[in-house]
Amino acid sequence: MGWQTEQFSTDHEGYPVAVMGDGSEPAPVDGNSAWWLYDGQDGRPRAIAVRAACECGWRSAEMFPIDWEDQDETDGFEYNSGPYAAWDRQHIAPLLGTTVPDDLTDAIATVRQMLAGLTSSRPLAATAAAAEVEKLGTASLQRAVTAVRDTNGSWEDIGRALGTSRQAAHQRFAKNLFRG
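Just remember that this note's numbering sits 994 ahead of the position in the sequence shown, which is counted from 1.
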């Protein structure tokens, strides 16, 4: 079983697919095409990378390294990285209308890296900075949810954008819409 969303179930089920040296995807081995089968053992070809794939036929252009010792690292699901992140951000988010602009994604990544570095060298400064980021994020989220509701967006839409259910979004925000 691959990666699924509540909205699309198996129609857009994602998974990592093996990539061979020439950029092609190998033929299934005994009806199975799990990337880890292509390890060069028992006469099977050896994959050089994986890419994100979807049941609908979509494939990511980007390829990701294989860690033969850590399937979770290669898959990316546990770490929200690699092929999983590519499937989620490049394929699923546009289908849901929740794609975050690239420049904002880059800015968030920069802040994340800066906080990580600061945590190592100056943990108290990192604590203060993270608190400011949290305040900004909380206020921005509240304003964004209010804007969605003000434009007749549904709690289901909000839940989908947050990666949660309609009910959870409603319970969290309905009584606290930003007014001011």
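Note that beta-carbon positions come from the ideal geometry of N, C-alpha and C, so glycine has one too.
Note that the structure is predicted; figures quoted are calculated from it, not measured.
Pairs of beta-carbons, one from the segment 1074–1091 and one from the segment 1040–1060, closer than 8 Å: are there three or more? They touch, by the three-pair rule.
Does DSSP put E1056 in a helix, a strand or coil? Three-state result, E1056: coil.
Beta-carbon proximity of R1045 to V1023, cut-off 8 Å: Going by beta carbons, R1045 and V1023 fall outside the 8 Å limit.
Would you list the one or two residues that DSSP bridges to P1010? A1046, per the DSSP bridge assignment.
So does the segment 1164–1172 actually touch the segment 1102–1111, counting three or more Cβ pairs closer than 8 Å? Contact check between the segment 1164–1172 and the segment 1102–1111: fewer than three CB pairs, one atom from each, fall below 8 Å, which does not count as touching.
Who are V1023's beta bridge partners in DSSP? V1023 is bridged by DSSP to N1026.
Alpha-carbon spacing of G989 relative to D1144, whole angstroms: Residue 989 is absent from the structure shown; the chain starts at 995 and stops at 1174.
For G1025 versus G1008, is the C-beta distance shorter than 8 Å? No. Outside cutoff.
Measure from the alpha carbon of V1105 to the alpha carbon of each residue in I1086, L1090 and A1125, then state which is nearest. For the set I1086, L1090 and A1125, the Cα lying nearest the Cα of V1105 is the one of A1125.
With DSSP as the reference, identify every bridge partner of T1004, one or two as the case may be. Its beta-bridge partners do not exist; DSSP assigns none.
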